[in-house]
Amino acid sequence: MAESVYKVIELVGTSPESWEKAAAAAVQRASKSLRDLRVAEIVELDMQLEDGRVRAYRAKVKVSFKYEGGD
585 MAESVYKVIE LVGTSPESWE KAAAAAVQRA SKSLRDLRVA EIVELDMQLE
635 DGRVRAYRAK VKVSFKYEGG D
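The sequence shown begins at 585 in our numbering and counts up by one.
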């Protein structure tokens, strides 16, 4: 098997409904501009509040993809 290198980036997804949907939004958006997504790791969960109520769920996600050079 050939050696591979993967790059890891952090994204924050949001959803008015749940942390699961927030994480899925981050991965779905990343898949539109990145190829060969491999692993998504949820790093942190939090909520955006407004007037004492949950306005949005937020999920910080580390996404890895096969690195092909560049920067």
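Built from N, CA and C at the ideal position, the CB exists for glycine as well.
9 Å Cβ cutoff met for residue i and residue j
i	j	result
Ser617	Tyr641	no
Val592	Ser648	yes
Val627	Val638	no
Arg619	Leu595	no
Sheet register partners of residue i (DSSP bridge)
i	result
Val589	According to DSSP, which records beta bridges pairwise, Val589 is partnered with nothing at all.
Glu594	Lys646
Ser543	Lying outside 585 to 655, the shown extent of the chain, residue 543 is not represented and no answer is given.
Rounded straight-line distance, which links the Cα of residue j to that of residue i
i	j	result
Lys650	Lys605	24 Å
Ser599	Glu625	17 Å
Leu633	Ala607	18 Å
message: Report the start-end ranges of each beta strand (DSSP E) in the region 608 to 655 that is 3 residues or longer and not cut off at the edges.
response: Complete beta strand (DSSP E) runs here, min 3: 621 to 634, 637 to 650.
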